[in-house]
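Visitor: In my numbering, the protein residues as written are 12 to 112. All C-beta atoms in this analysis are idealised placements derived from N, C-alpha and C, irrespective of residue type, glycine included. These numbers come from a predicted model, not from an experiment. Would you mind keeping the following structure in view while I ask a few things?
Listed below in structure tokens is the structure:
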């Protein structure tokens with residue numbers, strides 16, 4: 012079985028950048044956003060981004076206040092999502108139910 016049929020593609024810096032570059036959702040974010048450039052997401056933007064991540068990648072993420080305050084760059088946002096993705100993969104491999112913070 013290939014990775015394409017067993018699970019959605021992993022979240023990468025490029026995939027997160029592409030989500031953020033959607034002009035309908037985040038009109039001020041450039042398509043070539045640098046990984047360490049300051050990123051300011053309002054609460055509605057973050058909720059929408061996490062909704063799109065869930066729809067496209069099947070990853071449900073419920074960040075806490077401490078997490079949200081750290082999502083200040085593309086790199087940090089990608090690292091946060093990748094950490095959540097790895098935790099979900101481990102939980103699925105163990106046959107357990109995945110719970111975010």
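When the Cα of residue 5 is compared with those of 76, 42, 70 and 49, which residue comes out closest?
Guide: Since the first residue shown for the chain is 12 and the last is 112, residue 5 is missing from the structure and cannot be characterised.
Visitor: Tell me whether residue 93 counts as near the ligand FAD, meaning its Cβ is closer than 8 Å to at least one heavy atom of that ligand.
Guide: Among the ligands in the structure shown, none appear at all, so the ligand FAD cannot be discussed.
Visitor: If I follow the unbroken alpha helix (DSSP H) through residue 80, where does it start and stop?
Guide: Mapped onto the chain shown, residue 80 falls at position 69. Taken as a continuous stretch (DSSP letters only), the alpha helix (DSSP H) holding residue 80 covers 76-81.
Visitor: How far does the alpha helix (DSSP H) with residue 58 in it reach, from first residue to last?
Guide: Sequence index remark: in the chain shown, residue 58 carries index 47 (1-based). Segment 54-68, the alpha helix (DSSP H) holding residue 58.
Visitor: In the DSSP output, what is residue 49 paired with across the bridge?
Guide: In the chain shown, counting from the first residue as 1, residue 49 sits at position 38. Answer is 84, bridged to residue 49.
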